[in-house]
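Engineer: Going by this note's numbering, the letters in the sequence shown line up with residues 82 to 436, in that order.
Please read through the structure below; I'll follow up with questions.
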Amino acid sequence: MADLVTMESACQISDLYDNLGVLEWRGRAMPMRILLTTCSFQDTPGPHHEFLESQGYEIVRERGPLSEEQMLQLAGDFDGFLCGDDGITRAVIEKSLPRLRVIAKYGIGLDKIDIAATKEFGIPVMFTPGVNHTTVAEHTFCLMLALYRNLVETVNATREGRWLRLTGHELWRKKIGIIGMGRIGQEMVKRARGFDMEVHGYGNFWPEDFCVREGVTRHRSLDSLFETCDIISPHTKLTAETHHMIHRARLAMMPPEAIVVNTGRGELVDTEAVLEALNSGKLAGYATDVMEQEPPDPAHPLLSHPKALVTAHIGSRTFESVPRQAMKAVTNLVNFLQGEGPVFCANGVVPSAEE
Numbered sequence: 082m083a084d085l086v087t088m089e090s091a092c093q094i095s096d097l098y099d100n101l102g103v104l105e106w107r108g109r110a111m112p113m114r115i116l117l118t119t120c121s122f123q124d125t126p127g128p129h130h131e132f133l134e135s136q137g138y139e140i141v142r143e144r145g146p147l148s149e150e151q152m153l154q155l156a157g158d159f160d161g162f163l164c165g166d167d168g169i170t171r172a173v174i175e176k177s178l179p180r181l182r183v184i185a186k187y188g189i190g191l192d193k194i195d196i197a198a199t200k201e202f203g204i205p206v207m208f209t210p211g212v213n214h215t216t217v218a219e220h221t222f223c224l225m226l227a228l229y230r231n232l233v234e235t236v237n238a239t240r241e242g243r244w245l246r247l248t249g250h251e252l253w254r255k256k257i258g259i260i261g262m263g264r265i266g267q268e269m270v271k272r273a274r275g276f277d278m279e280v281h282g283y284g285n286f287w288p289e290d291f292c293v294r295e296g297v298t299r300h301r302s303l304d305s306l307f308e309t310c311d312i313i314s315p316h317t318k319l320t321a322e323t324h325h326m327i328h329r330a331r332l333a334m335m336p337p338e339a340i341v342v343n344t345g346r347g348e349l350v351d352t353e354a355v356l357e358a359l360n361s362g363k364l365a366g367y368a369t370d371v372m373e374q375e376p377p378d379p380a381h382p383l384l385s386h387p388k389a390l391v392t393a394h395i396g397s398r399t400f401e402s403v404p405r406q407a408m409k410a411v412t413n414l415v416n417f418l419q420g421e422g423p424v425f426c427a428n429g430v431v432p433s434a435e436e
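This is the structure in structure tokens:
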């Protein structure tokens, strides 16, 4: 997690912006212009709406996530992005200059933002750690239970007037393998222990005291985790190393009747390999809240596969979590643009007053 940066001591930019959100831009006063793209923020009621509106910014609302092409059409006329999982590439950042001052990410995943480019051009990237870990863990268990107990199929049957009685599986004493032992991973451990599951973990970050207390078995390799566990649940960030970390060879290592539940990033999983494993019977089920392309092609075979459950990236979308996340994102944006108060900066870029 990035360190908390105090703007009063690290960055005084009040000579550029006043408290009413007015920018002195090339000799003329104009409202600061913010591009708001995240749908969860826009669709969910809460105090974040009033707080953002009170700043006097000109808010341009779009329905994200926006592709690089869509962002390029909009870039250049904004002082700040209040974004979700939009394609903020080097080309987008370059076109956004010199006006763009800050990117305020709604959420913690930064893989859609070219962080190297933001550092090169001195654009701070804010994020919102610590606001949705319980919500995502709950949704992961929701998918896990639904998959093991054939929930969707049986509910659909009763809605059609059919009394379909399918036999499912218990979570009790199943071996769950959690990839990534950060906030979400730890919340997963707590819930798994509540089901009396045998908890196994893998990750570079390892909270030793927590894992000892909760009885988590540490694996030094992903292969070992896959060979051991009935359920694999990834909660790690997307990098070049983690891209398609759940692939054909590792799926083949899993015990019979194993499942994978993915609420991390779609790109962590090789979807073609998952489809092959589902069709061959090697994998008993796959549940995911994330896809490599969102929204996916309606004809994507995973959406209609009888052994798969797909939800539309709603793992952190609750009436409790969204306002927490949104308020933190807006607070980051406002505090930075006003030059006072704390922000959570993900890329370590803190401009000086002279910039």
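Where is the CB? At the ideal position from N, CA and C, for every residue including glycine.
Computed from a predicted structure; not experimentally measured.
Check whether the Cβ atoms of I184 and G161 sit closer than 9 Å, and answer yes or no.
Structural biologist: Their beta carbons are under 9 Å apart, which means I184 touches G161 by this criterion.
Engineer: Hey, would you say H281 sits closer than 9 Å to L306, going by beta carbons?
Structural biologist: Yes. Within cutoff.
Engineer: Measure the Cβ-Cβ separation of A410 and G127 and say whether it is below 9 Å.
Structural biologist: No; because the gap between Cβ atoms is not below 9 Å, this pair is not in contact.
Engineer: Return the Cβ separation of I189 and F208 in integer angstroms, given the expectation that the two are a contact with Cβ distance under 8 Å.
Structural biologist: Confirmed, about 5 Å.
Engineer: Who are the Cβ neighbours of L97 in its own chain at under 6 Å, not counting the five residues just before and after it?
Structural biologist: Legend: pLDDT at L97 = 34, less than 50; position of this residue unreliable, no value from coordinates given.
Engineer: Closest to R182 by CA distance: which of G429, L418, G422 is it?
Structural biologist: Checked all of G429, L418, G422; the closest Cα to R182 is L418.
Engineer: For P128, would you say it is in contact with chain B, using Cβ-to-Cβ distances shorter than 9 Å as the test?
Structural biologist: This model lacks chain B altogether; it includes just one protein chain.
Engineer: What number of angstroms, rounded off, separates the C-alpha of Y187 from the C-alpha of T235?
Structural biologist: Whole-angstrom Cα-Cα distance: 36 Å.
Engineer: How many whole angstroms separate the CB atoms of D304 and R331, which I take to be in contact at a CB cut-off of 8 Å?
Structural biologist: Going by Cβ atoms, the distance from D304 to R331 rounds to 7 Å, so yes, they are a contact pair.
Engineer: With a cut-off of 8 Å, do at least 3 Cβ pairs link the region 288-304 to the region 379-398?
Structural biologist: With a cut-off of 8 Å, the region 379-398 and the region 288-304 do not count as touching, because too few Cβ pairs lie within range.
Engineer: With a 10 Å radius around its C-beta and 16 neighbouring C-beta atoms as the bar for buried, classify R264 as buried or exposed.
Structural biologist: Per the 10 Å Cβ criterion, buried.
Engineer: Going by DSSP, which residues form a beta bridge with G258?
Structural biologist: DSSP lists H281, I313 as partners of G258.
Engineer: Any idea if P387 is buried or exposed, counting beta-carbon neighbours within 10 angstroms, 16 or more meaning buried?
Structural biologist: When all chains shown are included, P387 counts as exposed.
Engineer: With DSSP collapsed to three states, give me the class of A321.
Structural biologist: Three-state result, A321: coil.
Engineer: Going by C-alpha to C-alpha distance, which of L349, G145, P179, V430 sits closest to T320?
Structural biologist: Among L349, G145, P179, V430, the Cα nearest to that of T320 belongs to L349.
Engineer: In whole angstroms, give me the CA-to-CA distance for W106 and H130.
Structural biologist: Low local confidence applies: a pLDDT of 45 at W106 is under 50, so the model's placement there is unreliable, and no value is given.
Engineer: Can you have a look at A393 and say buried or exposed, based on whether 16 or more other CB atoms are within 10 angstroms of its CB?
Structural biologist: Under this definition A393 is an exposed residue.
Engineer: Sort A156, N213, K255 by Cα distance to I115 and report the nearest one.
Structural biologist: With distances taken between Cα atoms, I115 lies closest to A156.
Engineer: Distance check for A218 and R272, CA to CA, integer angstroms please.
Structural biologist: If you take the alpha carbons of R272 and A218, they lie about 8 Å apart.
Engineer: Tell whether a beta-carbon distance below 9 Å holds between V206 and C426.
Structural biologist: Cβ distance < 9 Å, so V206 and C426 count as in contact.
Engineer: Whose CA, out of R346, N237, A358, H316, lies closest to the CA of V371?
Structural biologist: Answer by Cα proximity: R346.
Engineer: In this structure, how does DSSP classify P128 when only helix, strand and coil are distinguished?
Structural biologist: Three-state result, P128: helix.
Engineer: Is Y456 helix, strand or coil when you go by DSSP?
Structural biologist: Because the chain in this structure spans residues 82 to 436, residue 456 falls outside the shown range and cannot be described.
Engineer: Between V270 and F291, is the Cβ-Cβ spacing less than 9 Å?
Structural biologist: Yes, they are a contact pair.
Engineer: What are the boundary residues of the alpha helix (DSSP H) that F455 is part of?
Structural biologist: Here the chain has residues from 82 to 436 only, and residue 455 is not among them.
Engineer: Give the straight-line distance between the Cα atoms of P179 and I204, rounded to the nearest whole angstrom.
Structural biologist: Their backbone Cα atoms lie some 10 Å apart in a straight line.
Engineer: To the nearest angstrom, how far is the alpha carbon of Q267 from that of E279?
Structural biologist: Distance between the alpha carbons of Q267 and E279: 14 Å.
Engineer: Would you list the residues sitting across from L163 in a DSSP beta bridge?
Structural biologist: Looking at the DSSP assignment, L163 forms a beta bridge with L117, A185.
Engineer: Which residue marks the beginning of the alpha helix (DSSP H) containing R346, and which one marks its end?
Structural biologist: Careful: R346 lies outside any alpha helix (DSSP H) and carries neither H nor E.
Engineer: Could you say which of K256, H316, L356, E322 lies nearest to A333 if we only look at CA atoms?
Structural biologist: Per the Cα distances, L356.
Engineer: If you reduce the DSSP assignment to three classes, tell me which class T298 lands in.
Structural biologist: It is a strand residue.
Engineer: Can you find the residues in the same chain that come closer than 7 Å, C-beta to C-beta, to L390, ignoring five residues on each side of it along the sequence?
Structural biologist: L224, A227, L228, V233, A368.
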